[in-house]
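Enquirer:
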Amino acid sequence: QIPVAASASGLGALPSDHPLSLGLVSRGGVYQANHAARQADVLLALGVRFDDRTSSSWIPGYSFTIPPTKLIHVDIDPEELGRNYPPNLGIAADARTFLRQVLAEIERRNPQRGDAVRAWLADIEKWKAAWDEFTRPNFEVHASPIRPERVVADCQAVLPPDAILACDVGVNHNWYMQFWKARRPQTMLNSWGFSGMGFGAAGVLGAKLAAPDKPCVAIVGDGSFTMVPHVLCTAVEYRVPVVWVIWNNFGWVSIRDIQLGMFGGRELGTMFHSGGNNTPYNPDFAGWAKASGVDALTVTRSEDFKGALEHAIKAEKPFLLDVHVDAEIRPPATGAWQLPPTPHKEPVFGKAWIPPQ
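What follows is the structure in structure tokens.
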């Protein structure tokens, strides 16, 4: 009965609907995952790199509090052990082999769940309920341009549990990392680390070739798509039936938001306009797709997105949806992220945990 939080690459390893699944721990993770991890007595970390986003820039009390939390760190690469946090016990091992051995030993000892564990699990259920109460209303809002939560919700409703989602980088990535409920291992593909733009737009082709019986959908920012638009031609040439959902917010909004925070509300070259009249501008992505031989639709109303996605998947051919998404709605931070020299901001939901003295 150990609650499981996931880093970005581990989403889906435990189904999101499992009672012990907490979701993403990260500066942009879910509240219950961060709140449980930052006040845990012991963390068993399997293949976790503890990068700056997963660990809220290593600031104590937001994602982790190591120490005083004791860390058991398991990784197949010994160079990862102790790279960012000092482990109380570092184990160089394959995670699958390690877990099989540990579970066999636990079964042999047959430990009983005590009152402290019951209370801990009850607290976690309260944190889940509080986070759901805070976030759920926005998933039900219809608007034009479309609220980000609505795009995530309709994708979740349409795609089956074994569908593969290739999530490109950008603000769209933040929304899906926080709210996508992965239900199978290796069904949520993303580029963490240096986050190369265009990963999802191209990577979804490889996913479909590897799993031809599963729906494969790429969630791609408008900026990322313009890096690799030739993927349309490749999909037509090799008849790869994937779906691209273009998260069209008329800008490189993840960079825009960093600029606004660093430069006193100013942005430079990250929001696109036509001429001097401040009309949002982007290429006609649907027209671009059609010129390449790919079927496409433009979606500007939230009421139309779900049906458009269903149509695109059923088409069984390369299909692009140009979806206009509101650029001014940001994911609710539950951790912290520091980009020197600016100080880190406090979470939108929850607050840092200070260990009792």
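In the numbering used here, the protein residues as written are 184 to 540. The C-beta atom is built at its ideal place from N, Cα and C for all residues, glycine as well.
1) My output table needs one value for Val403: the three-state DSSP class, helix, strand or coil.
2) Is His456 helix, strand or coil when you go by DSSP?
3) Note down, in chain order, each residue of its chain lying with its Cβ closer than 7 Å to the Cβ of Ala276, except the 5 sequence neighbours on either side.
4) What residue from Lys528, Asp478 and Ala510 has the CA that sits closest to Gly444's CA?
5) Measuring only the C-alpha atoms, how far is Ala299 from Ser190?
6) At the level of alpha carbons, what is the spacing between Ala495 and Val352?
7) For His325, which of helix, strand or coil comes out of DSSP?
8) Am I right that Asp467 and Val482 are in contact with their C-beta atoms under 8 Å? What's the rounded C-beta distance?
9) In chain order, what are the residue ranges of uninterrupted alpha helix (DSSP H) at least 4 long that sit wholly in the region 215 to 274?
10) In terms of residue numbering, what span does the alpha helix (DSSP H) encompassing Thr280 cover?
11) Report the three-state DSSP secondary structure of Val352 (helix, strand or coil).
12) Give me the Cβ distance between Gly211 and Pro514, rounded to the nearest whole Å; I'm assuming they're in contact under 8 Å.
13) With distances taken Cα to Cα, identify the nearest neighbour of Gln369 among Gln184, Ala188 and Pro198.
14) Pull up the distance between the alpha-carbon of Pro270 and that of Ala519, whole angstroms please.
15) When the Cα of Leu388 is compared with those of Ala401, Gly297, Ile329 and Met380, which residue comes out closest?
16) Based on Cα-Cα distance, which residue from Asn460, Gln184 and Met371 lies nearest to Gln295?
17) Can you look up Thr481 in the DSSP assignment and give me helix, strand or coil?
18) Exposed or buried, which one is Glu332 when buried takes at least 16 other CB atoms within 10 Å?
19) Counting pairs of Cβ atoms below 8 Å between the region 210 to 228 and the region 376 to 384, do you hit three or more?
20) Do you know offhand how far Gly470's Cα is from Phe455's?
21) When the Cα atoms are used, what is the spatial distance from Asn321 to Arg330?
22) Under 8 Å by Cβ, that's how I've got Leu227 and Ile255 pegged, so tell me the actual separation to the nearest angstrom.
23) Compare the beta carbon distance of Tyr214 and Gly458 with 8 Å and say whether it is the shorter of the two.
24) Under the rule that 16 or more other beta-carbon atoms within 10 Å means buried, what is Asp224, buried or exposed?
25) So the candidates are Val419, Phe317 and Gln361; which of them puts its Cα closest to the Cα of Ala216?
26) If we ignore side chains and look at the alpha-carbon of each, how far apart do His356 and Asn373 end up?
27) Any contact of the region 300 to 318 with the region 444 to 453, i.e. 3+ C-beta pairs under 8 Å?
28) State the start and end residues of the unbroken beta strand (DSSP E) segment that holds Gly206.
29) Do the CB positions of Val411 and Val428 come within less than 8 Å of each other?
30) Comparing alpha-carbon positions, which option in Lys309, Tyr421, Glu316 and Leu522 lies nearest Asp440?
31) For Gly206, collect the residues of the same chain with a Cβ closer than 6 Å to its Cβ; drop the 5 residues on either side in sequence, then sort them by chain order.
32) Considering only residues of the same chain and omitting the five flanking positions on each side of Thr161, which have a CB-CB separation below 6 Å?
33) Alpha carbon to alpha carbon, what distance is there between Arg367 and Phe281?
34) Quick check on this structure: which residue in Val477, Phe433, Asn460 and Tyr464 has the alpha carbon closest to the alpha carbon of Glu420?
Expert: Result, derived from the coordinates:
1) In this structure, Val403 counts as strand in the three-state DSSP scheme.
2) Taken through DSSP and simplified to helix, strand or coil, His456 comes out as strand.
3) Hits under 7 Å: Val257 and Ile259.
4) Sorting Lys528, Asp478 and Ala510 by C-alpha distance to the C-alpha of Gly444 places Lys528 at the top.
5) Rounded to the nearest angstrom, the two C-alpha atoms are 26 Å apart.
6) Roughly 22 Å separates the two Cα atoms.
7) Here His325 sits in coil by DSSP.
8) Not confirmed; about 13 Å, so no contact.
9) If we require 4 residues or more, the region 215 to 274 turns out to have no alpha helix (DSSP H) run fully inside it.
10) Ala278 to Arg292 is the span of the alpha helix (DSSP H), which, as asked, contains Thr280.
11) Three-state DSSP puts Val352 in coil, outside helix and strand.
12) 6 Å between Cβ atoms; contact.
13) Ranking Gln184, Ala188 and Pro198 by CA distance to the CA of Gln369 puts Pro198 first.
14) Answer to the nearest angstrom: the Cα atoms are 22 Å apart.
15) Closest by alpha carbon: Ala401.
16) The shortest Cα separation from Gln295 among Asn460, Gln184 and Met371 belongs to Gln184.
17) Three-state DSSP puts Thr481 in a strand.
18) Flag for Glu332 reads buried.
19) Cβ pair count under 8 Å is below three, so no.
20) Distance from the CA of Gly470 to the CA of Phe455, rounded to the nearest whole angstrom, comes to 18 Å.
21) Taking the CA atoms as reference points, Asn321 sits about 8 Å from Arg330.
22) Contact between Leu227 and Ile255 holds: CB atoms are separated by about 5 Å, below the 8 Å threshold.
23) Going by C-beta atoms, Tyr214 is not nearer than 8 Å to Gly458.
24) Result: exposed.
25) Considering only Val419, Phe317 and Gln361, the residue with the shortest C-alpha distance to Ala216 is Gln361.
26) Each residue's alpha carbon lies about 8 Å from the other.
27) With the rule of 3 Cβ pairs closer than 8 Å, the region 300 to 318 does not count as touching the region 444 to 453.
28) Following the DSSP letters along the chain, one finds Gly206 inside the beta strand (DSSP E) bounded by residues Ser204 to Leu207.
29) At the C-beta level, Val411 and Val428 stay beyond 8 Å of one another.
30) Among Lys309, Tyr421, Glu316 and Leu522, the Cα nearest to that of Asp440 belongs to Leu522.
31) So the qualifying residues of the chain are Val213 and Ala216.
32) In the structure displayed, the chain extends from 184 to 540; residue 161 sits before or after that span and is not available.
33) If I take the Cα positions, the gap works out to 21 Å.
34) Taking Glu420 as reference, the option from Val477, Phe433, Asn460 and Tyr464 with the minimal CA-CA separation is Val477.
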